[in-house]
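Letter by letter, the sequence shown follows residues 10 to 132 in my numbering.
Just below is one structure, and these are the notes that go with it.
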Amino acid sequence: MSNVKTTANQPVQWFVECDTFTNESIERELSARGLESDAISAHFDALGNDGKLHNVLGIPSTFIKMLKGARVNDTRFQFRFWKRNGTKGVLFPADFVEKKPLSQTAEVKRVIARIGALKDKKK
């Protein structure tokens, strides 16, 4: 399993920046799935688009959903997703992976409250 996924002739690499607990959990999950640790690769001092160096793990794209699900079930998981277009260059935050569903955003909650207030006023 590779941590490189090609889309539109451009390889996309996925990374996760995590704490020790999450890192050890990823290794246990790989072992349980019968995968070797070469399915992930450590990248120390990888340059992010924020100009800072980050210690990240290269992961298969299929692990993103698994990690998100794990965090829902256990708040001890702390991580952030990064991606890189191509095999070299800076990392960019993959915050779109972390976005809340629209129904949970502050704007939607504000509009729902406003509609409720209008209904009450109408009565």
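For each residue, glycine too, the CB sits at the ideal point set by N, CA and C.
All figures in this text were calculated on a predicted structure; none of them were measured in a lab.
Between which two residues does the beta strand (DSSP E) harbouring residue i extend?
i      : result
PHE72  : First-last for PHE72: 72 to 82, but that is the alpha helix (DSSP H), not the beta strand (DSSP E).
GLY67  : 62 to 68
PHE88  : 88 to 94
LEU100 : Where LEU100 is concerned, there is no enclosing beta strand (DSSP E), given that its DSSP letter is neither H nor E.
ASP54  : 50 to 56
Buried or exposed, going by whether 16 or more other CB atoms sit within 10 Å of the CB of residue i?
i      : result
ARG93  : buried
VAL117 : exposed
PHE53  : exposed
LYS128 : exposed
ILE35  : buried
Rank the options by C-alpha distance to the C-alpha of residue i and give the top, closest one.
i      : options                         : result
ARG37  : ARG123, HIS63 and PHE72         : PHE72
THR31  : PRO20, GLY57, GLN22 and LEU66   : LEU66
GLN87  : LEU62, GLN19 and VAL25          : VAL25
ASP104 : ALA122, ASN58, SER50 and GLU33  : ASN58
PRO69  : LEU56, TRP91 and ASP129         : TRP91
GLN19  : GLY60, GLY125, LYS128 and LYS97 : LYS97
TRP23  : THR29, LYS130 and SER50         : SER50
ARG89  : ARG123, LEU76, ASP83 and VAL99  : LEU76
ASP28  : SER40, ASN64 and LEU56          : ASN64
From what residue to what residue does the alpha helix (DSSP H) around residue i run?
i      : result
ARG119 : 115 to 131
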